[in-house]
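Beneath this line is the structure, given in structure tokens, with notes to follow.
2 protein chains.
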Amino acid sequence: MRAAKRKKLEYAGWRVADAKEFLKLSDAEMQFVEVKLALARLLRKLRTGRKLTQMELAERLGSSQSRVAKLEAGDPTVSVDLLVRSALAAGATKKDLAEALSSKRR
Amino acid sequence: MRAAKRKKLEYAGWRVADAKEFLKLSDAEMQFVEVKLALARLLRKLRTGRKLTQMELAERLGSSQSRVAKLEAGDPTVSVDLLVRSALAAGATKKDLAEALSSKRR
DNA sequence: TGCGAATATGTCAGAACTGACATATGTTGC
DNA sequence: GCAACATATGTCAGTTCTGACATATTCGCA
Chain G
3 MRAAKRKKLE YAGWRVADAK EFLKLSDAEM QFVEVKLALA RLLRKLRTGR KLTQMELAER
63 LGSSQSRVAK LEAGDPTVSV DLLVRSALAA GATKKDLAEA LSSKRR
Chain A
3 MRAAKRKKLE YAGWRVADAK EFLKLSDAEM QFVEVKLALA RLLRKLRTGR KLTQMELAER
63 LGSSQSRVAK LEAGDPTVSV DLLVRSALAA GATKKDLAEA LSSKRR
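The listed protein sequences correspond, in order, to chains G and A.
With the numbering used here, letter number 7 in the first sequence gets 9, and the count goes up by one each step, no holes.
With the numbering used here, letter number 13 in the second sequence gets 15, and the count goes up by one each step, no holes.
Right, here's the structure in full:
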């Protein structure tokens with residue numbers, strides 16, 4: 003399984019720009035991490051923009067505060083699938099997702 | 003679980019534009035299906051563009067022909083996560099994903 | 001400093017996903 | 001018509017993901 007390795011990668015944190023050098027990620031893996039982080043940022047932006055706490059958003063998503071925290075951190079244990087569903091449930095549109103993926107970091 | 007219901011939705015096929023009326027999907031659910039189909043189309047485009055069979059792509063992805071078929075069909079049993087990983091492994095960039103999400107159907 | 005609220009991190013049972021296989025349904029060239 | 005190849009669909013055991021809970025850490029702010 004591909005993801006088994008991913009779990010060990012420990013790209014933890016937001017220093018992905020440097021991560022490529024630090025760890026040995028293939029281009030595809032790199033981009034995958036970037037996708038996750040882009041979506042994670044979008045989700046946090048959506049939540050804070052609406053002045054919701056993680057707890058409040060979690061309730062609306064039918065999830066838990068801890069998972070929301072992990073989503074926003076781009077934690078290796080959350081899937082892009084959940085990130086997308088959460089962002090959409092938080093009010094994002096497909097277009098918003100596209101923009102999040104094309105916008106440069108910061 | 004949210005996805006349990008999704009599984010029964012049977013949005014099968016490509017007639018999603020009509021699907022909204024036919025089934026009763028919330029906006030978020032609608033968009034989620036559209037995201038999957040957009041990525042599914044991207045993946046097929048990547049594969050056919052390179053003149054690969056599903057079998058050949060499956061080997062490169064470390065997966066099976068049947069799963070590739072399901073990926074390209076936007077089957078309810080495949081996750082956005084796998085769609086994204088596959089597209090990236092098939093050579094797409096984050097930008098390609100963004101474009102796939104913003105481009106209109108057809 | 002000390003407190004309350006918010007966010008982060010670790011763990012795990014149960015739910016969802018995945019690769020693989022079997023098999024069915026196209027599609028193409030003869 | 002029918003091989004040969006490509007794609008689609010059904011199933012399932014093993015893996016991964018998820019919500020929930022416990023707990024820790026961070027962040028104002030008085």
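Don't be surprised by glycine CBs; every beta carbon is placed ideally from N, CA and C.
query: Distance cutoff 8 Å, beta carbons only. Does residue 97 of chain G sit that close to anything in chain A?; result: yes
query: Comparing C-alpha positions only, which one of A:33, A:52, A:36, A:32 sits nearest to residue 93 of chain A?; result: A:52
query: Leaving out five residues on either side along the sequence, give the residues of the same chain with a beta carbon under 7 Å from the beta carbon of residue 72 of chain G.; result: 79, 80
query: If residue 75 of chain A sits next to residue 41 of chain A, beta carbons under 8 Å apart, how far is it from one beta carbon to the other, in whole angstroms?; result: Their Cβ separation, rounded to whole angstroms, is 12 Å, which puts residue 75 of chain A and residue 41 of chain A out of contact at 8 Å.
query: Which of the three DSSP states, helix, strand or coil, is assigned to residue 52 of chain A?; result: coil
query: What is the rounded straight-line gap between the Cα of residue 62 of chain A and the Cα of residue 58 of chain G?; result: 42 Å
query: Please report whether the beta-carbon of residue 67 of chain G lies at a distance below 8 Å from any beta-carbon of chain A.; result: no
query: Taking the beta carbon of residue 28 of chain A as the centre, do at least 16 other beta carbons fall within 10 Å, making it buried, or is it exposed?; result: exposed
query: Rounding to the nearest angstrom, what Cα-Cα distance links residue 77 of chain G and residue 87 of chain A in this structure?; result: 16 Å
query: Step through the CB atoms of chain A and report whether any lies within less than 8 Å of the CB of residue 36 of chain G.; result: yes
query: Indicate the three-state DSSP secondary structure (helix, strand or coil) for residue 41 of chain A in the structure shown.; result: helix
query: Between which two residues does the alpha helix (DSSP H) containing residue 90 of chain G stretch?; result: 82-91
query: Using a beta-carbon distance below 8 Å, is residue 86 of chain A in contact with chain G?; result: yes
query: Start and end of the alpha helix (DSSP H) containing residue 72 of chain G?; result: 67-75
query: Tell me the residue span of the alpha helix (DSSP H) that contains residue 97 of chain G.; result: 96-104
query: In three-state terms, what does DSSP make of residue 63 of chain A?; result: helix
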